[in-house]
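Notes for the one structure printed next.
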Amino acid sequence: MTTATATTDERTLEELQRDHGPALLTFLLGLTYGDRQRAEDLAQETLVRAWLHPEAFDGTYASMRPWLFTVARRLAIDARRSRLARPAEIGDGLLAATPDPADATASAEAALDVRAAVRELSPEHRAVLVRLYFHGLTVKEAAVELGIPAGTVKSRSHYALRQLGRSLPGYRPRRAAIARVRAGAPQ
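Residue numbers for the sequence shown follow our numbering, beginning at 10 and rising by one.
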């Protein structure tokens, strides 16, 4: 079952495009932060809406511009919300540089690097990291097992992780990376 829908005639739509098209595109360029392709797409979609809604031309206002700008603004808002709701796309370069999770060689190599770096730590620092990260103990449990205060466990783990960061290639503690980004320093 199909229903015939009324549309705006071509001559009226041509006049609308001629009279308001440049101003509409300029308005949308501002809303899209200068993205010409996106602004042109939104302008075209706005004109399609005008074509689909001939009743908009029957209004009591002197110009169609307020109606067009309102429709365009709402379309731009919807498009932005839609883009923000989707995860960001990544390029092929990042995928090519990312190691294959199924590659056992890469994970074995990383494990060997970690073991060698942990062996370079002092026995006290190594004991703390082994209990916290390899045995999964809490700070309090590690402190009881090692017979030292919880604050000492925390400080030893902090300095041990810093040492590992210097020993392991490509390792950057999260907090340090965030501080570099805030300071504007290169990663």
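The beta carbon of each residue, even a glycine, is placed where N, CA and C say it ideally should be.
query                                                                                                                                                                                : result
When the Cα of Leu56 is compared with those of Ser166, Tyr42, Ile86 and Arg27, which residue comes out closest?                                                                      : Arg27
Span of the alpha helix (DSSP H) holding Phe36?                                                                                                                                      : Glu19 to Leu40
If you reduce the DSSP assignment to three classes, tell me which class Gln53 lands in.                                                                                              : helix
How about Val148 and Arg135: do their beta carbons lie closer than 9 Å?                                                                                                              : no
Would you give the residue range spanned by the alpha helix (DSSP H) that Ala151 belongs to?                                                                                         : Val148 to Leu155
Could you give the residue range of the alpha helix (DSSP H) that holds Arg74?                                                                                                       : Arg74 to Ala94
Helix, strand or coil: how does DSSP classify Leu130 here?                                                                                                                           : coil
Can you tell me whether Ala111 is buried or exposed, with buried defined as 16 or more other CB within 10 angstroms of its CB?                                                       : exposed
Does the segment 111 to 125 come within contact of the segment 154 to 161, defined as at least 3 CB pairs closer than 8 Å?                                                           : no
Hey, Leu40 and Ala52 are a contact pair by Cβ (cut 8 Å); roughly how many whole angstroms apart?                                                                                     : Rounded, the Cβ-Cβ distance is 11 Å, inconsistent with contact.
By how many angstroms is the C-alpha of Arg124 removed from the C-alpha of Ser131?                                                                                                   : 13 Å
How about Glu24 and Leu34: are their beta carbons less than 9 Å apart?                                                                                                               : no
With 16 other CB atoms within 10 Å as the buried threshold, where does Arg140 fall?                                                                                                  : buried
Excluding five sequence neighbours on each side, which residues of the same chain lie with their C-beta closer than 7 Å to the C-beta of Ser176?                                     : Ala126 and Glu129
I'd like to check one pair, Ala119 with Leu138: are the Cβ atoms closer than 9 Å?                                                                                                    : no
In this structure, does DSSP put Asp67 in helix, strand or coil?                                                                                                                     : helix
Since I believe Leu77 is in contact with Ala59 (beta carbons under 8 Å), could you give me their beta-carbon distance rounded to a whole number of angstroms?                        : 7 Å
Might you give, ordered along the chain, the residues of its own chain that have their beta carbon closer than 7 Å to the beta carbon of Ala151, omitting 5 neighbours on each side? : Val137, Arg140, Leu141 and Val162
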